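Protein chains in written order, with this note's numbering: chain A, 17 to 447; chain B, 1484 to 1750. Using N, Cα and C, we set each Cβ at its ideal position, and we do this for glycine too. The model shown is predicted, which means the values in this text are computed figures rather than measured ones.
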Amino acid sequence: MDELRTIRVAAITRVEGEGGLSIHVRDGAVTGVELRIFEPPRLFEALLRGKALEQAPDITARICGICPVAYQMSAVHALEQALGITIPPPLRPLRRLLYCGEWIESHTLHVHLLHAPDFFGCASGLELAKSHPEAIQRGLQLRKLGNRLLEVLGGRAIHPVNVAVGGFYRLPRRTELAALVDDFARGLEAAEAAARWVAAFEFPDFEQPYDFVSLWHPDEYPLCAGSLRTSDGLLLDVAEFEQQFTERQVPHSTALQAVRRATGGTYLVGPLARLNHCRDQLAPLARALADELGLATPCCNPYQGIVARAVEVVHAFEEALGILRAYRPDSEPRVRYEPRAGRGCAATEAPRGLLYHSYEIDNEGLITRATIVPPTSQNQARIEEDLRHYLPQILALPDDEVALACERLVRSYDPCISCSTHFLKVNWVRQ
Amino acid sequence: MAACPRLAVFKFASCDGCQLSLLSLEDELLTVADRLDIVYFLEATSRVEPGPYDIALVEGSITTPDDLARIEQVRRDAKYLVTIGACATAGGIQALRNWGDSAEFLRAVYATPSYIESLATSTPISAHVRVDFELRGCPIDKYQLLEVLQALLAGRRPRLPAHSVCLDCKRRGTVCVVVAQGVPCLGPVTHAGCGAICPSYDRGCYGCYGPCAQPNLASLTAQLGANGATPRETIVQLRSSFNGYAAEIRAESDRLELPPPGGAPHG
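Pasting the structure below:
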């Protein structure tokens, strides 16, 4: 007798943007997993056409309120390549500093308010704050520091205004950055304590042979620059991204899913990918902490993404502190250029993983083509594959518990559905 | 209002940034959660309760048939409906499709547009249901949001100025970027609330809070014209931005008899 079972999660909570999950089971075997992304499409790639290239950082920031800096950074690097310009060397650490602010803000939000509640059976970080007030307060204060850095350097935390093609509109005054040093030194200690807190959580026993993809740079933990690195040993120029990866459209999602072009295989981007590829490039305290916490590589348990995030927060504080201390405003705020026709692409490491932009511009500096591949659309197919492998372990549970367990797995990715739609509802179909 | 009013936060087409502002009240968040019962806020909590709600915060614009029905349900469920941000208040950057060919936009992004349910327009919440208060900004200012919540709790009107960004520049002592640097600036016609950030970073205001009360757009487009930009170029910039579908900008666009942006964005 055919037994059909459908399990649905109408709306996955504690993720950015809106989506659900449908799981179809026939005779006790999983026949389909659909990560349903019903986030309304906003069609950014279309509306960028005809815009002046200078508008791209401000417009693409609006793709995501949680990681606007990532969009701004990928946009400006791609457009600078199209224009054939290079920013003055002193501006490079400032861009990394701005990105550190975003990693702190985004990672601490996910770690403390969105993901940690899963390990305590709480509905929210606000509920968790009642039983663990010190840990949540610490998380909020860490996040506040990330936001302060974004405010000082970017003008504001959400959709910063100071990022320009060619550099910045205005360089920070030395006193503005120096005023952050003491708080960031204390923040670094608090970030280490937060990482020790999350590393002691109990993680479900589940590992997958991931194809990790991230930027890799010989001298630094990847933020704005590097080569594309994959788990099967490729080390490629970012310009080869579109040859190596492709996006496909599936009926159940307004987000395009990215896969390896050669094999059609799924891959994983984000903190675990970066940590696995770039552990040696972590700042000294962050690396020592990864050792202390026993965070060995390869780390193939998606639930441990929270530990990778917490270690990256330590890295971001450490690196930011170094830049804050060394800063001297001794450069022009931005390099001047004349518009010219051209094409350029760039990838940077958004908090959730690799973010690829490519643009074509005409000789008046208007954008004629834009392609944006966000991290969550790259992870979407991998999340579905994870669920297919994880579900057999838990199918004996009642539907609501299966749904909850799947939602937890999805959340461990810190998916950003707003970004991916150019993500997520669990609709269960148990047959 | 009840001793601990029920708060719901809804998202339509948007970037999440405005609802994130609530979570970004790092010092006030736990107090807010004590004073308000947060019963629906998908981004922040797995607690999902049906209405009625005392306060509904609505982020995002209406772009799909499903969302048309959903906003009507939110209105029925909510005692006070407050829109947060430029998408909910003016249609957002995605409203650019209102002037263009939305089917062509879909074809530009998706290989199989028939999988995608999307309306031809992106419209503000007020185009569909009664709105009790509109909070401006792309993104909103978190302290302005706090003021709205405090006002609703106290049963008074929110105290939020509707003057232009210009006044805030004077207040914070920022030297005018138009006068001193010749940088085009939308400050004279843009609603206050951001704190006049851009001019303090040596760039002109780019209008993310939308039109202020009684904006003199004709004067601004003429003035910027004196600096080299044509009125048409100025209004095209305004129209292609985060509040481009605001009534005041549409009116000035019509006065200048501009063709729709579509494929000829610089008019």
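Along the stretch 167 to 194 of chain A, what residues have a CB closer than 7 Å to any CB found in chain B? GLY171, ARG172, ALA173, ILE174, HIS175, VAL177, ASN178, TYR185, ARG186
List the residues of chain B that A/SER434 touches, going by C-beta distances under 9 Å, in chain order. LYS1494, SER1497, CYS1498, ASP1499, GLY1500
Are B/THR1528 and A/ALA139 closer than 8 Å when you measure CB to CB? yes
With 16 other CB atoms within 10 Å as the buried threshold, where does A/LYS160 fall? buried
Is it buried or exposed for B/ASP1737, if we count other Cβ within 10 angstroms and need 16 for buried? exposed
Indicate the three-state DSSP secondary structure (helix, strand or coil) for B/GLY1670 in the structure shown. helix
Interface residues of chain B around A/LEU142 at Cβ under 8 Å? LEU1512, LEU1513, ALA1516, ILE1521, ALA1527, THR1528
Checking contacts by CB at 8 Å: is B/VAL1686 closer than that to chain A? Per the sequence shown, residue 1686 of chain B should be read as Arg rather than Val. Interface residue, yes.
How would you write the range of the beta strand (DSSP E) that A/GLU365 sits in, first residue to last? 358 to 366
Is the CB-CB distance between B/THR1547 and A/PRO267 below 8 Å? no
Please compile the residues from chain A whose C-beta is within a distance smaller than 7 Å of the C-beta of B/GLU1509. LEU156, GLN157, ARG159, LYS160
Assigned secondary structure, A/LEU239 (DSSP; H/G/I helix, E/B strand, else coil): coil
Is it true that the CB of A/HIS233 sits closer than 8 Å to the CB of A/ASN77? A small correction: the amino acid at residue 77 of chain A is Ala; Asn does not occupy that position in the sequence shown. Going by C-beta atoms, A/ALA77 is not nearer than 8 Å to A/HIS233.
If you count every other CB in all the chains shown that lies within 10 Å of the CB of A/THR191, and 16 or more means buried, which is it? exposed
Extract the residue ranges of the beta strand (DSSP E) inside the stretch 1634 to 1673 of chain B, only unbroken runs of 3 or more that lie entirely within it. none
Range of the contiguous beta strand (DSSP E) that encloses B/ASP1520: 1520 to 1524
Could you tell me which uninterrupted beta strand (DSSP E) segments, each at least 3 residues in length, are contained entirely in the stretch 257 to 307 of chain A, listed from first to last along the chain? 261 to 264, 273 to 276
Whole-angstrom C-beta distance between A/THR29 and B/LEU1525, which should lie under 8 Å: 5 Å
Below 7 Å on C-beta distance, what does B/ALA1660 contact in chain A? Per the sequence presented here, residue 1660 of chain B reads as Val, with Ala not at that position. Residues of chain A passing the Cβ test: none, with the nearest at roughly 10 Å.
Beta-carbon contacts of B/LEU1503 that lie in its chain and below 7 Å, excluding the five residues immediately before and after: none
Counting C-beta neighbours from all protein chains within 10 Å, is the total for A/HIS373 16 or more, i.e. buried, or is it exposed? buried
Against chain B, does A/PRO56 count as a neighbour if the rule is that its beta carbon must be under 8 Å from one of theirs? yes
For a cutoff of 8 Å on Cβ pairs, would you count B/TYR1728 as touching chain A? no
Can you name the start and end residues of the beta strand (DSSP E) that A/HIS373 belongs to? 369 to 377
List, in chain order, every chain A residue whose beta-carbon is nearer than 9 Å to that of B/PRO1607. Result: empty, since nearest Cβ-Cβ is about 14 Å, beyond 9 Å.
B/CYS1677 vs B/GLY1620 beta-carbon contact at 8 Å: yes
Check the Cβ of B/SER1736 against every Cβ in chain E and list those closer than 9 Å, keeping chain order. Absent from the structure is chain E; the protein chains it does hold are A and B.
For chain A, find out if any of its Cβ atoms is closer than 8 Å to the Cβ of B/PRO1488; answer yes or no. no
Secondary structure at B/ALA1564, three-state DSSP: helix, strand or coil? The residue you asked about is not Ala; residue 1564 of chain B is Leu in the sequence shown. In this structure, B/LEU1564 counts as strand in the three-state DSSP scheme.
Is A/GLU118 closer than 8 Å to A/VAL85 when the C-beta atoms are compared? yes
CB-CB under 6 Å to B/PRO1535, same chain, minus the five flanking residues each way: which ones, in chain order? ASP1560
Please work out which residues of its chain come closer than 6 Å, Cβ to Cβ, to B/THR1604, disregarding the five sequence neighbours upstream and downstream, and give them in chain order. ASN1581
Can you pull out the residues from the stretch 63 to 93 of chain A whose beta carbon lies closer than 9 Å to at least one beta carbon of chain B? LEU63, ARG65, GLY66, LYS67, ALA68, GLN71, ASP74, ILE75, ALA77, ARG78, ILE79, CYS80, GLY81, ILE82, PRO84
So A/VAL49 is in the beta strand (DSSP E); what residue range does that whole segment cover? 45 to 53
What in chain A is Cβ-close to B/TYR1689, meaning under 9 Å? GLN71, ASP74, VAL177
8 Å Cβ cutoff, B/ASP1550 in contact with chain A: yes
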